[in-house]
Amino acid sequence: RDLVTNHAFRQDQGVDVIRELIAQARACQTKVLLSFAGEGFRERVEDPALRAKFVDFMVAFIDKYDFDGIEVDWETAVTLPLHEVFVREIREKLNVLESRKGRKMYLTTALHSWQRYSKELAGKVSRSLDWINIMTYDMGGGIWGNVPTHNTPLDRIITDLKAWEMFDKSKLCIGLANYGFFYKGIKPGQKIEGKLDKYGRYIGYNEAMAVFSSDWKEVKDPQAKVSYFINEKQQEFITLETKETIRTKAEWVKENGFRGAFWWEFSYDEILPDSKDGKIRHHLIDEIKW
28 RDLVTNHAFR QDQGVDVIRE LIAQARACQT KVLLSFAGEG FRERVEDPAL RAKFVDFMVA
88 FIDKYDFDGI EVDWETAVTL PLHEVFVREI REKLNVLESR KGRKMYLTTA LHSWQRYSKE
148 LAGKVSRSLD WINIMTYDMG GGIWGNVPTH NTPLDRIITD LKAWEMFDKS KLCIGLANYG
208 FFYKGIKPGQ KIEGKLDKYG RYIGYNEAMA VFSSDWKEVK DPQAKVSYFI NEKQQEFITL
268 ETKETIRTKA EWVKENGFRG AFWWEFSYDE ILPDSKDGKI RHHLIDEIKW
């Protein structure tokens with residue numbers, strides 16, 4: 028099975044580290060795909076001429092820096108039929124590149140779990156994609172909703188994925204999160220006026236571990252298979268994965284025959300290298316063994 032990790036480069040990084048990154052990944056028999064993400068996809072993709080230029084640019088860029096493929100991370104204002112045309116045209120160009128390079132070039136996409144495909148459209152997009160990264164996180168209120176709940180509840184993941192049954196499970200990777208949400212002044216499940224950004228924010232696993240003290244209590248949810256961490260004294264709570272809940276999700280992924288899992292995001296739970304071997308380790312990611 029595949030285990031996919033995501034890393035977002037800061038602005039002062041980028042192409043200078045690409046070749047070294049790819050070389051080190053290849054030494055570990057790991058593939059490196061370039062994710063095209065952000066706003067503005069629809070404007071570029073709706074117009075056939077702009078779309079053709081965009082596709083040519085994407086393929087030329089990964090060819091220049093010797094990536095192993097492309098991920099399309101089109102998250103906002105997604106039109107699924109247009110998305111299918113887009114990835115099909117990328118796949119056609121990658122097939123040409125594949126023939127020239129003499130090796131497999133991968134094409135994947137990231138989609139929210141609440142997206143809904145017809146059987147016909149699922150068949151079409153499956154022919155272009157090697158797999159789909161289903162973003163089974165940000166499933167609670169986050170900072171944009173008005174009810175704060177679990178970020179990664181397994182019961183809702185299971186419910187959402189019933190709508191993906193027209194896809195072969197070998198095409199589906201399940202999203203895991205090493206971040207959560209921190210809230211102050213409200214309780215789990217409490218509906219508020221307006222958006223939750225007035226009360227909450229993102230919090231990475233490492234930051235949460237630094238926040239926790241004896242005032243914090245873990246409250247396990249047997250249905251969602253995740254926990255809330257609550258500090259009643261400060262009127263604060265955090266929704267976050269633990270090593271136990273991550274292992275539970277990994278077992279569920281394996282038992283149900285999905286392709287594998289992927290992460291957002293690589294740095295949130297990292298343990299910096301020690302003097303012994305110089306390797307970066309991870310509190311949660313390292314719990315996953317296929």
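Under this note's numbering, think of the first position of the sequence shown as 28, with each following residue one higher. Here a beta-carbon is modelled for each residue, glycine too, at the ideal position from N, C-alpha and C. The structure presented is a predicted model; accordingly, all values stated were derived computationally and were not measured.
For this session: Could you name the residues of the same chain whose beta carbon sits closer than 6 Å to that of residue 174, not counting the 5 residues immediately before and after it, in chain order?
Result: Looking up residue 174 in the sequence shown gives position 147. Cβ within range, chain order: 168 and 218.
Exercise. Which whole-angstrom value describes the C-beta separation of residue 58 and residue 133, a residue pair presumed to lie in contact below a C-beta threshold of 8 Å?
Worked result: For this step, residue 58 is matched to residue 31 along the sequence shown. For this step, residue 133 is matched to residue 106 along the sequence shown. With a Cβ gap of about 6 Å, residue 58 and residue 133 count as contacting.
For this session: Identify every residue that forms a DSSP beta bridge with residue 257.
Result: On the sequence shown, residue 257 is found 230 positions in, with the first residue counted as 1. In the DSSP output, where bridge partners are listed per residue, residue 257 has 244 and 264.
Exercise. Can you list, in chain order, the residues of its chain whose CB lies under 6 Å from that of residue 71, leaving out five sequence neighbours each side?
Worked result: Position 44 of the sequence shown, counted from the start, is the residue given in the question as residue 71. 77 and 81, listed in sequence order.
Problem set entry | Length of the line joining the Cα atoms of residue 208 and residue 53 | As a first step, residue 208 must be located in the sequence shown, where it is residue number 181. As a first step, residue 53 must be located in the sequence shown, where it is residue number 26. For residue 208 and residue 53, the distance between alpha carbons rounds to 35 Å.
Exercise. Would the beta-carbon of residue 158 fall within 8 Å of that of residue 198?
Worked result: To locate residue 158, count along the sequence shown from 1; it is residue 131. To locate residue 198, count along the sequence shown from 1; it is residue 171. Yes, these two residues count as a Cβ contact at 8 Å.
Exercise. Looking only at C-alpha atoms, which of 312, 74, 97 and 119 sits nearest to residue 154?
Worked result: Numbered from 1 along the sequence shown, position 127 holds the residue referred to as residue 154. The option with the nearest alpha carbon to residue 154 is 119.
Problem set entry | Contacts around residue 316, its chain only, beta-carbon distance under 7 Å, and the 5 residues preceding and following it disregarded | Counting from one through the sequence shown, the residue named residue 316 turns up at place 289. Correct list: empty, nothing qualifies.
For this session: Within 10 angstroms of the Cβ of residue 68, are there 16 or more other Cβ atoms? Answer buried if so, exposed if not.
Result: Sequence index remark: in the sequence shown, residue 68 carries index 41 (1-based). Under this definition residue 68 is a buried residue.
Exercise. The beta strand (DSSP E) with residue 174 in it runs from where to where?
Worked result: One-based indexing of the sequence shown puts residue 174 at position 147. Where residue 174 is concerned, there is no enclosing beta strand (DSSP E), given that its DSSP letter is neither H nor E.
Exercise. Going by the beta-carbon positions, is the gap between residue 176 and residue 163 smaller than 8 Å?
Worked result: Translated into positions along the sequence shown, residue 176 becomes position 149. Translated into positions along the sequence shown, residue 163 becomes position 136. For residue 176 and residue 163, no; Cβs fall outside 8 Å.
Exercise. Would residue 83 be called buried (16 or more neighbouring beta carbons within 10 Å of its own) or exposed?
Worked result: Looking up residue 83 in the sequence shown gives position 56. Answer is exposed; the Cβ neighbour count stays below 16.
Exercise. Thinking C-beta only, is residue 108 closer than 8 Å to residue 148?
Worked result: Your numbering for residue 148 matches position 121 in the sequence shown. Your numbering for residue 108 matches position 81 in the sequence shown. Contact: yes.
Problem set entry | 6 Å CB neighbourhood of residue 261 in its chain, flanking five on each side removed | Counted from its first residue, the sequence shown places residue 261 at position 234. If we look at residue 261 and ignore the five residues flanking it on each side, it has no Cβ neighbours.
Problem set entry | Close beta carbons around residue 212, own chain, < 7 Å, minus the five adjacent residues each side | Looking up residue 212 in the sequence shown gives position 185. Here the set comprises 226 and 262.
Exercise. When DSSP labels each residue in this structure, what does residue 139 get in the three-state scheme?
Worked result: Within the sequence shown, residue 139 is the residue found at index 112, counting from 1. It is a strand residue.
For this session: Measuring alpha carbon to alpha carbon, tell me which of 309, 292 and 100 ends up nearest residue 300.
Result: What you label residue 300 is simply residue 273 of the sequence shown in a count that begins at 1. It is 309.
For this session: Pull up the distance between the alpha-carbon of residue 145 and that of residue 165, whole angstroms please.
Result: Counted from its first residue, the sequence shown places residue 145 at position 118. Counted from its first residue, the sequence shown places residue 165 at position 138. Near 24 Å, if we compare the C-alpha coordinates of residue 165 and residue 145.
Exercise. In terms of alpha-carbon separation, which member of 254, 97 and 240 lies closest to residue 181?
Worked result: Residue mapping note: residue 181 aligns to position 154 of the sequence shown, counting from 1. The shortest C-alpha separation from residue 181 is found at 254.
Exercise. DSSP three-state call for residue 191: helix, strand or coil?
Worked result: Residue numbering aside, residue 191 sits at position 164 when the sequence shown is read from its first letter. Three-state result, residue 191: helix.
Exercise. Quick one: what does DSSP say residue 68 is sitting in, helix, strand or coil?
Worked result: On the sequence shown, residue 68 is found 41 positions in, with the first residue counted as 1. For residue 68, the secondary structure class from DSSP, reduced to helix, strand or coil, is helix.
Problem set entry | residue 39 classed as buried or exposed, judged by whether at least 16 other C-beta atoms fall within 10 angstroms | Numbered from 1 along the sequence shown, position 12 holds the residue referred to as residue 39. For residue 39, the pLDDT reaches just 47, beneath the cut-off of 50, and the residue's location in the model is therefore unreliable, leaving the point undetermined.
Problem set entry | residue 88, DSSP secondary structure in three states | Here residue 88 refers to the residue found at position 61 of the sequence shown. Residue state, collapsed to three classes: helix.
Exercise. What number of angstroms, rounded off, separates the C-alpha of residue 143 from the C-alpha of residue 256?
Worked result: The residue labelled residue 143 in the question sits at position 116 within the sequence shown. The residue labelled residue 256 in the question sits at position 229 within the sequence shown. Taking the straight line from one Cα to the other gives about 33 Å.
Problem set entry | Alpha-carbon to alpha-carbon, residue 111 and residue 94 | In the sequence shown, the residue the question calls residue 94 occupies position 67. In the sequence shown, the residue the question calls residue 111 occupies position 84. When rounded, the distance between both Cα atoms is 22 Å.
Exercise. Helix, strand or coil: which one does DSSP assign to residue 213?
Worked result: The residue given as residue 213 occupies position 186 in the sequence shown. In the three-state reduction of the DSSP assignment, residue 213 falls in the coil class, being assigned neither a helical nor a strand state.
Exercise. Can you check whether the CB of residue 105 is closer than 8 Å to the CB of residue 201?
Worked result: Along the sequence shown, one-based indexing puts residue 201 at 174. Along the sequence shown, one-based indexing puts residue 105 at 78. No, these two residues do not count as a Cβ contact at 8 Å.
Problem set entry | Short Cβ contact (8 Å threshold) for residue 232 with residue 267 | Reading the sequence shown from its first residue, position 205 is the one you call residue 232. Reading the sequence shown from its first residue, position 240 is the one you call residue 267. Yes, Cβ-Cβ distance for residue 232 and residue 267 is below 8 Å.
Exercise. What does residue 61 pair with, by DSSP beta-bridge criteria?
Worked result: For the purposes of this step, residue 61 is identified with residue 34 of the sequence shown, where counting begins at 1. 97, per the DSSP bridge assignment.
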